[in-house]
Amino acid sequence: MPYYRRLGEVPDERHVAFTAASGEQCFEEFIGEEGFSGTGSLLYHVGVPSSLVDSQPWDLGDQRLRANDPLKPRHLRLPELFPDGVTGRDAVRSRVTALANSDVRLAYVVADAESPLYCNAIGDEIVYLEAGSARVDTIFGSLDVRQGDNVVIPRATIHRWIPTSGELRAYVVEAAGHVRPPAKYLTRYGQFLEGSPLNERDMRGPESILLADRADRERDTDVYVKHRGDGGVSGSVVTYDHHPFDVVGWDGCLYPYAFNYRNFSPVTGKVIQPPSTYQILEGDNFVVCNFVPRKLEYHPQAITVPYYHSNVDSDEVMFYYAGETAARKGTGIGNASITLHPAGYTHGPTRRAYLDSVGATESREMAFMVDTFRPLQVAEAALACDQHDYAWTWSGRHGAKEDRA
Ligand SMILES: [Fe+2]
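Take the sequence shown: its letters are residues 249 to 653, numbered as in the working numbering.
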């Protein structure tokens with residue numbers, strides 16, 4: 249986030265010796281993007297932030313990917329990967345990757361247990377809460393998050409997820425770089441423009457620092473790290489000689505933040521607006537949109553579901569979190585389904601939905617979309633929930649055509 253924030257104890261000058269009010273000597277850490285040339289923050293630790301005592305492998309499970317070849321649209325019912333009645337799953341280690349390329353990994357998780365301390369050293373994460381609520385404890389402080397929140401965790405931020413009301417269901421975008429609000433919404437100095445569907449008041453950051461108990465602070469503490477590895481993603485559990493929640497203060501423009509889809513104010517019009525109207529964030533070689541409830545178009549003959557389109561430059565992934573959409577009614581899409589509509593394939597509503605959409609006045613649909621500019625591969629671990637005949641639902645031959653997936 250390009251907005252300056254300051255919490256806790258911070259010295260008046262940067263890069264000088266600093267003793268906290270407790271009498272403890274502090275150690276300054278810079279967390280910055282693009283080396284020392286991008287957005288960053290300065291944190292003041294009472295422990296030495298680099299003092300490791302161990303590093304062990306973290307087995308991430310099956311991370312194999314396969315090309316979507318032969319080309320076909322896909323429907324994955326992600327909840328089928330998380331059978332009911334299983335407890336002890338957490339929002340970090342229990343994730344299952346569904347689709348991925350070198351720019352982004354898309355995963356889903358159902359969790360009821362507290363996660364270990366974790367950081368993603370590959371890139372920023374956007375965690376979209378389909379259901380439940382949680383507290384996200386981070387080295388910058390805590391965020392209370394709830395259903396409908398987009399939670400943005402910058403790369404290398406040590407944090408943990410603690411569900412606070414029952415089961416947490418989350419869709420996770422793991423970027424290989426940084427994510428940011430779209431440039432089209434911002435002034436050249438980074439303030440949200442008038443007319444932007446989001447603004448600074450929608451963004452929630454940590455409100456106070458988070459210090460572990462003094463006894464905990466002096467214990468050896470494990471942190472699960474997702475990092476670049478041979479041919480893709482790898483995992484390690486590193487152990488520090490202290491608890492990383494030892495920051496007495498920080499300031500800067502890099503920190504975790506959250507905003508809710510309910511705060512998003514889409515622009516609607518006389519005729520349907522393109523999906524880019526619903527963009528909320530962008531990363532390197534991908535964009536993210538929130539489709540939210542809204543009044544529909546007011547031209548008397550307006551087609552109010554998306555017209556057929558061929559995204560010649562992108563693969564499109566929709567995550568549905570409010571039941572069937574009008575455009576794809578009758579295709580079996582449900583809560584936490586994702587669809588992949590790859591480049592080279594023309595997609596849109598069913599014939600009936602297209603024709604029936606004239607005259608509709610309101611949409612209650614909700615979906616989270618990622619468009620990637622490089623092809624996505626399908627994770628082997630997610631194929632168990634692949635709905636093989638989805639590709640034939642437009643023609644009506646699903647259920648009859650032999651499965652050749
Ligand atoms: Fe589309």
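Ideal placement from N, C-alpha and C gives every residue a C-beta, glycine not left out.
For residue j and residue i, believed in contact at Cβ under 8 Å, the rounded distance
| i | j | result |
| --- | --- | --- |
| V473 | L300 | That pair is no contact at about 11 Å. |
| I446 | F507 | Going by the sequence as given, residue 446 is Leu instead of Ile. Confirmed, about 7 Å. |
| P504 | I401 | 5 Å |
| R322 | Y568 | The pair is not a contact, with the Cβ atoms about 14 Å apart (cut-off 8 Å). |
| V536 | V618 | 6 Å |
| V565 | I586 | 6 Å |
| S363 | W409 | 4 Å |
| I742 | Y555 | Here the chain comprises residues numbered 249 to 653, so residue 742 is not present and cannot be evaluated. |
| R394 | L416 | With a Cβ gap of about 10 Å, R394 and L416 do not count as contacting. |
| E530 | R312 | With a Cβ gap of about 28 Å, E530 and R312 do not count as contacting. |
| V399 | V375 | 4 Å |
Check: residue i C-beta below 7 Å from any heavy atom of ligand 1
| i | result |
| --- | --- |
| N508 | no |
| H636 | no |
| H323 | no |
| Q293 | The sequence as given places His at residue 293; Gln does not occur at that position. Checking every heavy atom of ligand 1 against the Cβ of H293, none is found closer than 7 Å. |
| H426 | no |
| N316 | no |
| E422 | no |
| N559 | yes |
| P554 | yes |
| E613 | no |
| P523 | yes |
| H595 | yes |
| H263 | no |
| E564 | yes |
| H646 | no |
| H547 | no |
| H589 | yes |
Residues of its chain near residue i, where Cβ-Cβ distance is below 8 Å and the 5 sequence neighbours each way are ignored
| i | result |
| --- | --- |
| P623 | A315, N316, N349, D563, P590 and A591 |
| R337 | F330, V357, V358, A359, D360 and A361 |
| L308 | K474, V481, S482 and G483 |
| L459 | R465, F493, D494, V495 and V496 |
Residue from the options with nearest C-alpha to residue i
| i | options | result |
| --- | --- | --- |
| H547 | K577, T516 and P541 | T516 |
| T469 | S298, S285 and L291 | S298 |
| A404 | V618, A632 and F388 | F388 |
| F539 | S342, Q439, E610 and R600 | E610 |
| R325 | M614, N583 and Y376 | N583 |
| S413 | D392, F284, A431 and P430 | D392 |
| A630 | Y376, L354 and E530 | L354 |
| R462 | Y251, S643 and H293 | H293 |
| R306 | G477, Y509 and A627 | For the sequence presented, residue 306 should be read as Trp rather than Arg. Of the listed residues, the one whose Cα sits closest to W306 is G477. |
| V296 | D494, L319 and D397 | D494 |
| R599 | R452, E628, I551 and A615 | I551 |
| H407 | V471, V626 and M614 | V471 |
| R262 | E272, H490, F278 and S270 | F278 |
| L319 | V626, A632, V399 and G644 | V626 |
| S643 | R576, F266, A615 and S524 | R576 |
| R253 | L434, L291, E272 and F284 | L291 |
| D310 | P259, F284 and S342 | S342 |
| P429 | S524, H490 and D489 | S524 |
| Y593 | Y419, S558, K543 and T435 | S558 |
Nonlocal neighbours in the same chain, by C-beta distance under 6 Å from residue i, ignoring five residues either side
| i | result |
| --- | --- |
| K302 | The residue you asked about is not Lys; residue 302 is Asp in the sequence shown. Closer than 6 Å at Cβ, skipping near neighbours: T487. |
| N511 | D450 |
| T287 | E281, C501 and L502 |
| R612 | P541 |
| H595 | H589 |
| T579 | T641 |
| A268 | E257, C274 and V496 |
| E328 | C633 |
| A379 | Q395 and R417 |
Own chain residues within Cβ distance below 7 Å of residue i, not counting five before or after
| i | result |
| --- | --- |
| L255 | G389, P454, S456, I457, G497 and W498 |
| A653 | Reliability of the predicted coordinates at A653 is poor, the pLDDT of 41 falling under 50, and the value obtained from them is presented with this limitation in mind. For A653, where only same-chain residues beyond five positions count, the Cβ hits under 7 Å are D634 and H636. |
| G607 | none |
| E448 | Y251 and F440 |
| T620 | N349, D351, V352, N533, F534, S562 and D563 |
| V340 | S363, P364, Y366, W409 and Y472 |
| E272 | V294 |
Proximity test, Cβ basis, 8 Å: residue i and chain C
| i | result |
| --- | --- |
| G647 | Chain labels in this structure do not include chain C; a single protein chain is all it has. |
TODO: Could you tell me whether the region 362-374 touches the region 410-424, where touching means 3 or more Cβ pairs closer than 8 Å?
DONE: yes
TODO: Decide if the region 478-485 is in contact with the region 379-398; the criterion is three or more beta carbon pairs, one per stretch, under 8 Å apart.
DONE: Because the criterion of three Cβ pairs below 8 Å is not met, the region 478-485 and the region 379-398 do not touch.
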